[in-house]
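Chains as they are written, first to last, in my numbering: chain E, 98 to 319; chain X, 98 to 319.
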């Protein structure tokens, strides 16, 4: 049920992601010191919290509910995360790291080994599916306007998109084009489209694939 | 120096913009009752405030500074706008209406009469230039994540982009594609790129034109 995240990042891939080490440091200040069983316990609690978010929304994630879901005492959850805010922050970091491991070192087409356009398509689909599960959590954690584009997790994702774009369309302004693509995956936009406009997630996935094809000149266009 | 905004909206164009009447109502509750000289006075004060924003930033817009810039007594500004918040709100509304008049009924290529792809290119360039002048003001007025996509001015702009896209690429999911294009013109993104990354506005304009061409299949693509 609960698994320890794969080693992260792989040395080869991190070369293309200058901010990754910095992010890793920011996300797990005390992680390297954890013994293996403590790390497994922590991952188990976070997987339990993630299940609660997916099944009942972010509001359902309380220290008590996570303890019950993971079959441990409440004290264990408090010792590990301090308070609910600490738990939610750790939960997003955990999800972020799992996702990064998947696109940096997981199987293709999300991970290395597939052509860049296929990886871009898979990246957006995976991001959209992740947002479908964690939307409340992502919205609650969204930084203000001045920090929205500089928060480390987003920068790592955008760097990845820019790297794939440079492989697919080297002649384009891939730095700016990566912002365009990331905008389509913005949690606030996904919330608006799915919850406020009632657009099904499948249509968002189709639109993503179409956008990637248009931007990279893979489809016939107009 | 100061001009009364052109009649707005024109009946033909408003057909394609179902939210325009609603927006018009929201923006000018007492406008229809103003006598012509009062309306001219109001426009003159707002043009003075707009000059201050463009020259010295949003912080420079105080009731006193606007009065001095427009060569009227301070009391006139207070009577007309109530307080600084009222003035800034009126200023954004005024700018919004001038811009809407330009793309709905002004000369081509921004206004009607040019092919849709040319109008899209001109629309983004005009939006970027407007943001260069008013960025602080737009950022200060940015609604929270849950309202960012439903605020009336943004909806009118996005509807316009969707309408042009439907003319240019009728086979595409123009509703979702219009969100993609609008994301590129988001004030928070423009702030990040120009102020935090030091990217010149000219490069943003080039990237906009390139994006429009890619999305509509006008350029060679990749």
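Glycine included, C-beta positions come from ideal geometry on N, C-alpha and C.
State the DSSP-derived secondary structure class of residue 183 of chain E, mapped to helix, strand or coil.
The residue you call residue 183 of chain E lines up with position 86 of the first chain. Note: residue 183 of chain E maps to helix in three-state DSSP.
What separation, rounded to the nearest whole angstrom, lies between the Cα atoms of residue 236 of chain X and residue 195 of chain E?
Here residue 236 of chain X is taken as the residue at index 139 of the second chain, counted from 1. Here residue 195 of chain E is taken as the residue at index 98 of the first chain, counted from 1. Going by the C-alpha atoms only, they are around 33 angstroms apart.
Spell out whether any CB of chain X is found under 8 angstroms from the CB atom of residue 189 of chain E.
Looking up residue 189 of chain E in the first chain gives position 92. No - not a single Cβ of chain X is within 8 angstroms of the one on residue 189 of chain E.
State the DSSP-derived secondary structure class of residue 209 of chain E, mapped to helix, strand or coil.
On the first chain, residue 209 of chain E is found 112 positions in, with the first residue counted as 1. DSSP places residue 209 of chain E in coil when its eight states are reduced to three.
Identify the continuous alpha helix (DSSP H) that holds residue 250 of chain X and give its terminal residues.
Numbered from its first residue, the second chain carries residue 250 of chain X at position 153. Residue 250 of chain X -> alpha helix (DSSP H) spans 249 to 265.
Specify whether the stretch 216 to 234 of chain E and the stretch 154 to 172 of chain E touch according to this definition: at least 3 beta carbon pairs, one from each stretch, less than 8 angstroms apart.
Because the criterion of three Cβ pairs below 8 angstroms is met, the stretch 216 to 234 of chain E and the stretch 154 to 172 of chain E touch.
Hey, how far is the Cα of residue 315 of chain X from the Cα of residue 174 of chain X?
In the second chain, residue 315 of chain X corresponds to position 218, counting from 1. In the second chain, residue 174 of chain X corresponds to position 77, counting from 1. Here the alpha carbon of residue 315 of chain X sits roughly 49 angstroms from the alpha carbon of residue 174 of chain X.
Grab the span of the alpha helix (DSSP H) containing residue 166 of chain E for me, first residue to last.
For the purposes of this step, residue 166 of chain E is identified with residue 69 of the first chain, where counting begins at 1. Per DSSP, residue 166 of chain E belongs to the alpha helix (DSSP H) from 160 to 167.
With H, G and I counted as helix, E and B as strand and the rest as coil, what does DSSP make of residue 196 of chain X?
Position 99 of the second chain, counted from the start, is the residue given in the question as residue 196 of chain X. The answer is helix: DSSP assigns residue 196 of chain X an H, G or I state.
Compare the C-beta of residue 270 of chain E against all C-beta atoms of chain X and say whether one is closer than 8 angstroms.
The sequence position of residue 270 of chain E within the first chain is 173, counting from 1. Cβ-Cβ to chain X under 8 angstroms: yes for residue 270 of chain E.
State buried or exposed for residue 284 of chain X, treating a residue as buried only when at least 16 other CB atoms are found within 10 Å of its CB.
Residue mapping note: residue 284 of chain X aligns to position 187 of the second chain, counting from 1. Looking at its Cβ environment, which holds 16 or more other Cβ atoms inside 10 Å, residue 284 of chain X is buried.
Below 8 angstroms between beta carbons: does that hold for residue 145 of chain X and residue 167 of chain X?
Indexing the second chain from 1 puts residue 145 of chain X at position 48. Indexing the second chain from 1 puts residue 167 of chain X at position 70. Yes, the Cβ-Cβ distance between residue 145 of chain X and residue 167 of chain X is below 8 angstroms.
Closer than 9 angstroms between beta carbons: that is the criterion. Which residues of the stretch 267 to 297 of chain X meet it against chain E?
Across the stretch 267 to 297 of chain X, CB contacts with chain E closer than 9 angstroms involve 267, 268, 269, 270, 272, 273, 274, 276, 277, 278, 279, 280, 281, 283, 284, 285, 286, 288, 289, 290, 293, 294 and 296, in sequence order along the chain.
Hey, is residue 312 of chain X's beta-carbon within less than 8 angstroms of any beta-carbon in chain E?
Start at 1 with the first residue of the second chain, and residue 312 of chain X comes out as number 215. Yes, because at least one Cβ of chain E sits closer than 8 angstroms to the Cβ of residue 312 of chain X.
Quick one, which of E:282, E:286, E:281 and E:257 has its alpha-carbon nearest residue 272 of chain E's?
Translated into positions along the first chain, residue 272 of chain E becomes position 175. Residue 272 of chain E has its Cα closest to that of E:257, out of E:282, E:286, E:281 and E:257.
On the three-state DSSP scale, how would you describe residue 178 of chain E?
The residue you call residue 178 of chain E lines up with position 81 of the first chain. Looking at residue 178 of chain E - three-state DSSP - the assignment turns out to be helix.
Quick one: is residue 151 of chain X buried, meaning 16 or more other Cβ sit within 10 Å of its Cβ, or exposed?
Within the second chain, the letter at position 54 stands for residue 151 of chain X. Its Cβ having fewer than 16 others within 10 Å, residue 151 of chain X is exposed.
Keeping to the same chain, check which residues put their C-beta closer than 8 angstroms to that of residue 149 of chain X; ignore five residues upstream and five downstream.
The residue given as residue 149 of chain X occupies position 52 in the second chain. Within its own chain, the residues whose Cβ lies closer than 8 angstroms to the Cβ of residue 149 of chain X, once the five positions on either side in sequence are excluded, are 157, 158, 162, 163 and 166, listed in chain order.
Between which two residues does the alpha helix (DSSP H) harbouring residue 281 of chain E extend?
Your numbering for residue 281 of chain E matches position 184 in the first chain. Here the alpha helix (DSSP H) through residue 281 of chain E covers 271 to 281.
So, under 8 angstroms CB-CB, residue 78 of chain X and residue 281 of chain E are touching, yes? Tell me the CB distance rounded to an integer number of Å.
The structure shown does not extend to residue 78 of chain X, since chain X is modelled only from 98 through 319, so no value can be given for it.
What separation, rounded to the nearest whole angstrom, lies between the Cα atoms of residue 274 of chain X and residue 308 of chain E?
Within the second chain, the letter at position 177 stands for residue 274 of chain X. Within the first chain, the letter at position 211 stands for residue 308 of chain E. Answer to the nearest angstrom: the Cα atoms are 8 angstroms apart.
Alpha carbon to alpha carbon, how far is residue 245 of chain E from residue 185 of chain E? Give it in angstroms, no decimals.
Translated into the one-based positions of the first chain, residue 185 of chain E becomes position 88. Translated into the one-based positions of the first chain, residue 245 of chain E becomes position 148. Rounded to whole angstroms, residue 185 of chain E to residue 245 of chain E spans 18 angstroms at the Cα level.
Taking residue 156 of chain E as the query, report the chain X residues whose CB atoms sit under 8 angstroms from its CB, ordered along the chain.
Here residue 156 of chain E refers to the residue found at position 59 of the first chain. What residue 156 of chain E touches in chain X: nothing, since even the nearest Cβ is about 15 angstroms away.
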